[in-house]
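Heads up: the sequence lines are chains A and B, in that order.
In the working numbering, each number is its position in the first sequence, counted from 1, plus 2.
In the working numbering, each number is its position in the second sequence, counted from 1, plus 2.
Only one structure is covered here, and it is reproduced in the block below.
Number of protein chains: 2
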Amino acid sequence: MKLLEALHQILPNDRVTNNETVLDQHSSDESYHTPARPDVVVFPENTEEVSDIIKLAALYEVPVVSYGLGTSLEGSMIPYDKGIVMDYSLMNKVLEIRPDDFLVKVQPGVTRKQLEKELKSHGLFFSVDPGADATLGGMAATNASGTTSVKYGIMRDQVRDLEVVLADGTIIHTGGMAAKSSSGYHLNGLFVGSEGTLGCFTELTLQVHGIPEKTMAGRAAFHSLDEAVSAVIGILQAGIPVARVELVDEQSMKQINLFSETDYPEIPTVFLEFHGNEAGLQQDVAFAKEILHDLNCRSLDFESDTAARQQLWEARHNAAYAYLHNFPGKKQMVTDVCVPISELAGAIKDARAAIEASGLDGGIVGHVGDGNYHILLMVDVNKSADIDEANVVNEKIVAYALDRGGTCTGEHGVGVGKAKYQEKEHGKALEVMRKIKKTLDPADILNPGKILYDKKIHS
Amino acid sequence: MKLLEALHQILPNDRVTNNETVLDQHSSDESYHTPARPDVVVFPENTEEVSDIIKLAALYEVPVVSYGLGTSLEGSMIPYDKGIVMDYSLMNKVLEIRPDDFLVKVQPGVTRKQLEKELKSHGLFFSVDPGADATLGGMAATNASGTTSVKYGIMRDQVRDLEVVLADGTIIHTGGMAAKSSSGYHLNGLFVGSEGTLGCFTELTLQVHGIPEKTMAGRAAFHSLDEAVSAVIGILQAGIPVARVELVDEQSMKQINLFSETDYPEIPTVFLEFHGNEAGLQQDVAFAKEILHDLNCRSLDFESDTAARQQLWEARHNAAYAYLHNFPGKKQMVTDVCVPISELAGAIKDARAAIEASGLDGGIVGHVGDGNYHILLMVDVNKSADIDEANVVNEKIVAYALDRGGTCTGEHGVGVGKAKYQEKEHGKALEVMRKIKKTLDPADILNPGKILYDKKIHS
Numbered sequence: 003m004k005l006l007e008a009l010h011q012i013l014p015n016d017r018v019t020n021n022e023t024v025l026d027q028h029s030s031d032e033s034y035h036t037p038a039r040p041d042v043v044v045f046p047e048n049t050e051e052v053s054d055i056i057k058l059a060a061l062y063e064v065p066v067v068s069y070g071l072g073t074s075l076e077g078s079m080i081p082y083d084k085g086i087v088m089d090y091s092l093m094n095k096v097l098e099i100r101p102d103d104f105l106v107k108v109q110p111g112v113t114r115k116q117l118e119k120e121l122k123s124h125g126l127f128f129s130v131d132p133g134a135d136a137t138l139g140g141m142a143a144t145n146a147s148g149t150t151s152v153k154y155g156i157m158r159d160q161v162r163d164l165e166v167v168l169a170d171g172t173i174i175h176t177g178g179m180a181a182k183s184s185s186g187y188h189l190n191g192l193f194v195g196s197e198g199t200l201g202c203f204t205e206l207t208l209q210v211h212g213i214p215e216k217t218m219a220g221r222a223a224f225h226s227l228d229e230a231v232s233a234v235i236g237i238l239q240a241g242i243p244v245a246r247v248e249l250v251d252e253q254s255m256k257q258i259n260l261f262s263e264t265d266y267p268e269i270p271t272v273f274l275e276f277h278g279n280e281a282g283l284q285q286d287v288a289f290a291k292e293i294l295h296d297l298n299c300r301s302l303d304f305e306s307d308t309a310a311r312q313q314l315w316e317a318r319h320n321a322a323y324a325y326l327h328n329f330p331g332k333k334q335m336v337t338d339v340c341v342p343i344s345e346l347a348g349a350i351k352d353a354r355a356a357i358e359a360s361g362l363d364g365g366i367v368g369h370v371g372d373g374n375y376h377i378l379l380m381v382d383v384n385k386s387a388d389i390d391e392a393n394v395v396n397e398k399i400v401a402y403a404l405d406r407g408g409t410c411t412g413e414h415g416v417g418v419g420k421a422k423y424q425e426k427e428h429g430k431a432l433e434v435m436r437k438i439k440k441t442l443d444p445a446d447i448l449n450p451g452k453i454l455y456d457k458k459i460h461s
Numbered sequence: 003m004k005l006l007e008a009l010h011q012i013l014p015n016d017r018v019t020n021n022e023t024v025l026d027q028h029s030s031d032e033s034y035h036t037p038a039r040p041d042v043v044v045f046p047e048n049t050e051e052v053s054d055i056i057k058l059a060a061l062y063e064v065p066v067v068s069y070g071l072g073t074s075l076e077g078s079m080i081p082y083d084k085g086i087v088m089d090y091s092l093m094n095k096v097l098e099i100r101p102d103d104f105l106v107k108v109q110p111g112v113t114r115k116q117l118e119k120e121l122k123s124h125g126l127f128f129s130v131d132p133g134a135d136a137t138l139g140g141m142a143a144t145n146a147s148g149t150t151s152v153k154y155g156i157m158r159d160q161v162r163d164l165e166v167v168l169a170d171g172t173i174i175h176t177g178g179m180a181a182k183s184s185s186g187y188h189l190n191g192l193f194v195g196s197e198g199t200l201g202c203f204t205e206l207t208l209q210v211h212g213i214p215e216k217t218m219a220g221r222a223a224f225h226s227l228d229e230a231v232s233a234v235i236g237i238l239q240a241g242i243p244v245a246r247v248e249l250v251d252e253q254s255m256k257q258i259n260l261f262s263e264t265d266y267p268e269i270p271t272v273f274l275e276f277h278g279n280e281a282g283l284q285q286d287v288a289f290a291k292e293i294l295h296d297l298n299c300r301s302l303d304f305e306s307d308t309a310a311r312q313q314l315w316e317a318r319h320n321a322a323y324a325y326l327h328n329f330p331g332k333k334q335m336v337t338d339v340c341v342p343i344s345e346l347a348g349a350i351k352d353a354r355a356a357i358e359a360s361g362l363d364g365g366i367v368g369h370v371g372d373g374n375y376h377i378l379l380m381v382d383v384n385k386s387a388d389i390d391e392a393n394v395v396n397e398k399i400v401a402y403a404l405d406r407g408g409t410c411t412g413e414h415g416v417g418v419g420k421a422k423y424q425e426k427e428h429g430k431a432l433e434v435m436r437k438i439k440k441t442l443d444p445a446d447i448l449n450p451g452k453i454l455y456d457k458k459i460h461s
């Protein structure tokens with residue numbers, strides 16, 4: 003209560019609240035993870051306010067959890083230790099666009115679609131496209147990626163600089179505006195993906211790209227999942243520079259058709275996209291078609307018309323929401339491993355078997371150009387058998403990936419869902435991570451219990 | 003002396019030495035920085051030996067400095083605090099090539115040209131190409147880059163995993179083999195560029211690329227430096243995907259001709275390269291030619307013949323050595339700032355003025371596609387006036403870059419030469435770096451005094 007009074011002294015009344023509805027709105031993410039309410043939600047408007055809030059949190063030794071739009075899939079922003087939730091919805095401005103430098107400065111609450119809109123008139127686009135219209139602060143916090151990372155890289159590759167408020171309220175910059183640097187330690191890389199456990203982002207300088215001269219997209223359908231995966235590997239190994247290459251299995255094609263009112267063939271499908279100049283693309287697409295034919299592609303459609311392309315990707319983007327819509331009342335558990343490409347065919351086969359063994363409804367979609375794929379599993383969170391089955395699938399998939407040099411999370415982050423796999427994945431390196439956390443946040447007030455395994459939460 | 007005895011107990015006699023000639027060989031780099039001898043040089047053959055050596059160093063609180071081939075330009079591996087120099091020349095094996103995963107595992111002493119040779123038969127290449135035939139361990143330690151980073155990224159972008167021995171001898175892995183990951187903190191990024199101050203690299207897993215179907219290279223010569231820079235910016239902003247774009251000024255073209263026995267026009271020149279498929283390149287090159295013509299290009303030559311291209315890039319790569327060869331007895335001071343592209347024209351103009359004001363011989367070459375350029379200044383290290391003038395130039399150039407959001411070092415690293423600029427560049431973030439160093443190397447035995455400003459050395 004003293005904290006609440008203190009917060010009221012630095013923020014106007016309407017930006018500090020313990021209203022039950024607002025607390026509820028900030029207690030859950032888009033996944034199956036158990037919700038938990040914070041004590042108070044605050045709405046800072048600028049960096050100095052964020053710093054002042056964190057100084058109070060430090061003084062009262064109360065947790066601070068950053069909140070963008072709550073689109074986490076691993077409970078990264080659920081305040082299990084209560085305390086303050088910092089909601090960035092009022093810090094939602096695109097501060098500067100520097101077209102000549104292919105850079106943009108934004109506040110953490112800007113969403114990716116909002117940025118896309120503002121960039122368009124400059125002939126630019128921001129490449130990272132997770133399924134959700136997430137905030138850029140949240141995307142940096144979890145090191146998000148999406149369908150285009152096979153060409154343009156992941157969130158970490160786009161971050162040139164972060165303004166960060168540390169656990170004692172100090173404001174730092176982790177990088178600069180130069181395209182490359184060998185100066186100091188690489189704090190950009192360290193803070194991206196740290197999920198609010200090392201500091202709170204108050205400004206992001208991000209790399210953007212020129213809209214390509216020409217884009218062509220295609221859909222290749224296959225008799226079997228195995229053939230679809232072989233086709234992806236064939237295209238990658240031929241060195242054709244794909245901008246997107248996505249796998250959607252039979253079950254997920256059905257859900258997409260049902261939700262998007264499309265009539266795509268309900269068999270394993272590879273969605274492809276190529277970016278470049280007109281002549282280069284014609285050659286790339288011709289070569290890709292040849293490979294796809296040789297690898298038993300059953301039907302093949304290419305589109306260069308913008309509307310048709312957008313519809314195609316919209317459908318792919320909505321896969322996860324399609325399941326949620328088509329199974330009302332159920333929640334979703336999404337696996338997120340990433341494996342070396344040479345292990346992809348085996349991994350996908352293993353994944354299909356795991357879904358079938360579970361008896362749950364679900365399918366496979368994935369950014370297979372990176373070796374990253376998701377199992378979308380529908381669970382009734384009130385049935386412990388469902389949760390148990392889903393956990394068994396996750397355990398199997400993660401073990402398979404880790405045994406082959408892969409990772410337990412390609413793009414969703416660790417949150418609480420993947421914390422239990424950190425020791426197996428990182429071994430003694432986990433102790434290095436713990437030391438870094440301890441030296442930068444000795445009182446453990448920044449999003450406690452996330453990423454680094456914590457018995458309080460996981461027992 | 004006790005340390006020496008202890009080292010002799012874990013290594014055979016011929017791999018522990020305090021022979022004066024060997025100590026001298028490990029006392030200097032390729033730059034103007036003052037040499038300093040270590041107490042002893044060791045030649046480990048495997049990770050366990052590196053760990054044992056570091057454990058002894060920890061026990062006796064003696065510095066350990068990693069040494070690849072001594073090609074640093076900032077004194078990164080000069081042992082100013084004496085102690086042990088660890089020479090990786092016996093850890094020089096390519097351990098594994100995984101063509102399907104576009105990955106290679108190497109020991110730290112493998113050089114880039116050695117790797118290039120081994121990759122060729124697989125249709126693969128490693129993209130990072132600093133001027134020197136440096137070791138990959140050294141290149142990771144300084145986060146090196148080169149002419150191709152504008153397309154393929156810098157050293158940090160290629161590192162998928164490092165095996166690292168920490169200050170207490172613990173062996174960790176900083177990453178894995180997956181193309182992307184959101185698991186744990188990004189230790190790959192933190193250790194790359196840490197110049198041996200956080201741990202010693204004993205194995206590197208690196209991303210490699212398929213050799214492009216087609217490569218075309220060109221030389222565009224201009225009446226003035228200003229026009230040459232405008233042309234580079236024009237090409238970048240048109241969105242033509244260059245694989246290399248290098249600027250060489252009039253003075254440096256002269257030195258290159260003298261050294262390489264070429265007869266390129268001795269005026270400001272832009273070297274370009276494009277990678278892709280045949281049809282795409284024809285279109286890219288045609289568009290580039292149009293832009294270059296519009297921007298007053300005086301002469302333009304394109305080559306797709308392999309031998310001619312190699313000669314062209316060989317000449318560019320040898321620019322720094324050309325100066326050293328043509329000014330016998332002198333050493334080289336090389337600036338290394340990197341600025342946002344929109345600041346490049348002003349920066350190059352400022353650089354030219356600074357060279358002229360100094361009265362020293364020198365020129366400008368640069369990876370201008372990234373906004374990174376070098377002033378090569380020839381100094382007589384026995385004339386303090388030369389050193390003073392060179393330092394004045396460096397100070398001016400760095401101040402210009404930092405005032406515009408740039409960095410004091412784009413690719414050479416901090417070592418001792420750029421340590422004095424860390425505070426201005428990183429501000430309060432430097433304290434975060436110091437905390438990380440302190441928690442991972444509390445006794446400061448790993449390459450002490452490098453990167454983080456240390457009065458002992460810099461006073």
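From the three backbone atoms N, C-alpha and C, an ideal C-beta is built for every residue, glycine too.
None of these values were measured; they are calculated from a predicted model.
- Relative to T49(A), the option among Q109(A), S30(A) and H327(A) whose CA is nearest is Q109(A).
- In this model, D405(B) and K398(B) are separated by some 11 angstroms (Cα to Cα).
- Sequence-distant partners of C410(B) (beyond 5 residues in either direction) whose C-beta falls short of 7 angstroms from its own C-beta, in its chain, are V339, V400, A403, L404, K420, Y423 and E427.
- Under the DSSP definition of a beta bridge, D163(A) partners with T207(A).
- If the five residues before and after D135(B) are omitted, its C-beta is found closer than 7 angstroms to the C-beta atoms of T113, R114 and K115, all from its own chain and listed in chain order.
- Annotation: the continuous beta strand (DSSP E) that includes M335(B) extends over K333 to V336.
- Those residues of the segment 176 to 194 of chain A placed with their C-beta closer than 8 angstroms to a C-beta in chain B are T176, G178, M179, A180, A181, K182, S183, S184, S185, G186, Y187, H188, L189, N190, G191, L192 and V194, ordered along the chain.
- In the three-state reduction of the DSSP assignment, I453(A) falls in the coil class.
- Counting only Cβ-Cβ distances below 8 angstroms, A281(B) has contacts in chain A at A281, G282, Q284 and Q285, in chain order.
- Taking all protein chains in view, the Cβ of G429(A) is surrounded by fewer than 16 other Cβ atoms within 10 Å, so the residue is classified as exposed.
- Of the other Cβ atoms in all chains shown, 16 or more fall within 10 Å of the Cβ of L208(B); this residue is therefore buried.
- Put simply, the CB of P65(A) is far from chain B, with every gap to its CB atoms at 8 angstroms or more.
- Positions of the alpha helix (DSSP H) runs, each at least 4 residues long and wholly inside the segment 298 to 341 of chain A, are given as 308 to 319 and 321 to 328 in order along the chain.
- Under the 10 Å beta carbon count, H327(A) is surrounded by fewer than 16 other beta carbons and is classified as exposed.
- With a cut-off of 8 angstroms on Cβ pairs, the segment 127 to 144 of chain A is in contact with the segment 208 to 218 of chain A, counting three or more such pairs.
- Contact between G85(A) and V52(A) is absent: CB atoms are separated by about 15 angstroms, not below the 8 angstroms threshold.
- Along the segment 424 to 450 of chain A, going in chain order, the ones with a CB nearer than 9 angstroms to a CB of chain B are Q424, E427, H428, G429, K430, A431, L432, E433, V434, M435, K437, I438, K439, K440, T441 and L442.
- In the displayed model, R406(A) falls within coil according to three-state DSSP, outside both helix and strand.
- Cβ atoms of V43(A) and L25(A) come within 8 angstroms of each other, at about 6 angstroms.
- Taking 8 angstroms as the cut-off, the beta carbon of V161(A) is found closer than this to the beta carbon of N190(A).
- Close to chain B, meaning a Cβ-Cβ distance shorter than 9 angstroms, are the following residues of the segment 335 to 350 of chain A: D338, V339, C340, V341, P342, I343, S344 and E345.
- E248(B): member of the beta strand (DSSP E) spanning R246 to V250, first to last residue.
- Counting the other Cβ atoms within 10 Å of the Cβ of E98(A) gives fewer than 16, which makes it exposed.
- Counted as a single uninterrupted DSSP element, the beta strand (DSSP E) harbouring K107(A) occupies residues L105 to V108.
- With distances taken between CA atoms, I366(A) lies nearest to V336(A) out of P342(A), P46(A) and V336(A).
- In this chain, the alpha helix (DSSP H) harbouring K351(B) covers L346 to S360.
- By a beta-carbon distance limit of 8 angstroms, V247(A) contacts V370(A). Their separation comes to about 6 angstroms.
- Residue contact check for D228(A) against chain B: no CB pair falls below 8 angstroms.
- Identification of residues in the segment 16 to 34 of chain B having a C-beta nearer than 9 angstroms to some C-beta of chain A yields an empty set.
- Each residue's CA atom was taken as its position, placing P270(A) and D251(A) some 4 angstroms apart.
- Under the three-state reduction of DSSP, S226(B) is assigned to coil, being neither helix nor strand.
- Look at Q239(A): its C-beta is under 8 angstroms from a C-beta on chain B.
- Taking 8 angstroms as the cut-off, the beta carbon of A353(B) is found closer than this to the beta carbon of I377(B).
- Counting the other Cβ atoms within 10 Å of the Cβ of E358(A) gives fewer than 16, which makes it exposed.
- L5(A) and H277(B) have their C-alpha atoms roughly 59 angstroms apart.
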